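Under the UniProt record's numbering, the sequence shown has 9 at position 9, and the numbering climbs by one with no breaks. A short worksheet on the structure shown next.
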Amino acid sequence: MSCGTAAHMHMSISSPIGSDKQVYEPFYAGVLKHLRAIAAFTYSSMVSYERVVDGCWAGGTWVTWGTQNREVPLRKIEGSHWEIKCIDGLANPYLSLAAILLAGTKGVADEEELVWKDCAKDPAVLSSLEREELNTSARLPRSIQEALAALGEDEELTELLGPEVVERFVDIKKAETAILEEMGVDERRQWVMERY
C-alpha cells in the first residue's frame with residue numbers, strides 16, 4: 001500500500017509561563033475543530049488523498065488526536081509538542097501554516113475545550129461505541145472536492161483567512177482538479193512531479 005508523500009509539521013505552543021496546558025489544549029482543539037476545512041490546504045491536490053488511509057502511519061482518516069499515536073492526524077509527543085500528520089508534500093506551506101495557526105489561535109481566544117479524548121489505538125479498528133466514547137465521529141475528507149466543500153462550509157475559518165483568499169484558492173483547486181481528472185494515473189503523476 002502506498003501512502004503518498006509526507007510533510008509533517010511539528011509544533012510546540014508555549015505561554016510566558018512555559019508549556020501551559022491551558023494554552024496548548026485550546027490551540028489544538030481549535031485545529032481539530034476546523035481540521036476538515038484545513039485539509040483543503042494541507043491535502044491540496046487530488047493525488048494528496050492517496051495519503052488519507054488507515055493503517056500506515058499516515059495520520060489515518062479520523063479527526064482526533066492521541067499521545068504517541070501515529071494513526072491519528074494530531075499526535076501528541078510530549079507536553080505542548082505535537083505533530084500534525086495530515087500534511088503532504090504538495091501542500092503550500094504558507095497557506096497550510098496560516099490555516100493551522102489561525103484555527104489554533106482562534107481556539108485559544110475562544111477557550112475551546114479539547115473534547116476529543118486521547119486516542120491510544122488506531123481509530124479505524126475501534127468500534128463505533130469506542131469512538132463515541134472518545135468523541136471521535138468526524139472523518140477527514142476523502143477527496144479534494146470534499147475538502148473544498150468543508151472549507152466552503154467553515155465560515156469561521158474562511159473569515160479568519162479572508163474570504164477573497166479562500167475564494168481564489170478554491171477556484172484554482174477546482175480548475176487544477178478538472179485538469180487532473182482528465183488524465184490517467186501515470187500522466188497525472190508526471191504532471192504533479194513537474195509542478196511540485
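C-beta atoms are modelled at their ideal positions from N, C-alpha and C, and glycine is treated no differently. Since the model is a prediction, treat every value here as computed from it, not as a measurement.
| request: Confirm, please, whether the CB-CB distance from residue 103 to residue 31 is below 7 Å. | output: Inclusion of residue 31 and residue 103 in the CB contact set at 7 Å is warranted, their separation being smaller than that value.
| query | Which same chain residues, not among the five before or five after residue 144, have their C-beta less than 8 Å away from its C-beta? | reply | 40, 43, 44, 45, 46, 48, 49, 173 and 177
| query | Considering residue 42, what are the terminal residues of the alpha helix (DSSP H) in which it resides? | reply | 35-42
| query | Rounded to a whole number of angstroms, what is the C-alpha to C-alpha distance between residue 116 and residue 134? | reply | 6 Å
| What's the call for residue 64, buried or exposed, on a 16-neighbour Cβ count within 10 Å? | buried
| said: If distances are taken between C-alpha atoms only, which option among 7, 12 and 35 comes closest to residue 136? | reply: 35
| Do you know how far the Cα of residue 71 is from the Cα of residue 12? | 20 Å
| task | Under 8 Å by Cβ, that's how I've got residue 61 and residue 140 pegged, so tell me the actual separation to the nearest angstrom. | result | 5 Å
| said: Is there a Cβ of chain D sitting closer than 7 Å to that of residue 23, yes or no? | reply: Absent from the structure is chain D; it holds one protein chain and no more.
| task | Pull up the CB-CB distance for residue 66 and residue 118, whole angstroms please, since I reckon it's below 8 Å. | result | The Cβ separation is near 6 Å, so the contact holds.
| Using the C-alpha atoms, what's the distance from residue 38 back to residue 100? | 7 Å
| field | Buried or exposed by the 16-neighbour rule on C-beta atoms within 10 Å, applied to residue 84 | value | With 16 or more other Cβ atoms within 10 Å, it is buried.
| Who are the Cβ neighbours of residue 6 in its own chain at under 8 Å, not counting the five residues just before and after it? | 51, 58, 85, 87, 88 and 89
| field | Own chain partners of residue 73 with C-beta closer than 6 Å, once the 5 adjacent residues on each side are dropped | value | 59, 85 and 86
| task | For the alpha helix (DSSP H) holding residue 245, just list the boundary residues, first then last. | result | Outside the shown range of the chain, which is 1 to 196, sits residue 245, and nothing can be said about it.
| Any idea if residue 55 is buried or exposed, counting beta-carbon neighbours within 10 angstroms, 16 or more meaning buried? | exposed
| task | Compute the beta-carbon to beta-carbon distance between residue 25 and residue 114, rounded to the nearest angstrom, for a pair I have assumed lies under 8 Å. | result | 4 Å
| said: Please report the distance separating the alpha-carbon of residue 124 from that of residue 142. | reply: 14 Å
| field | With 16 other Cβ atoms within 10 Å as the buried cut-off, status of residue 195 | value | exposed
| request: Identify, in the order they occur along the chain, each residue of the same chain with its Cβ nearer than 7 Å to the Cβ of residue 166, setting aside the five sequence neighbours on each side. | output: 151 and 158
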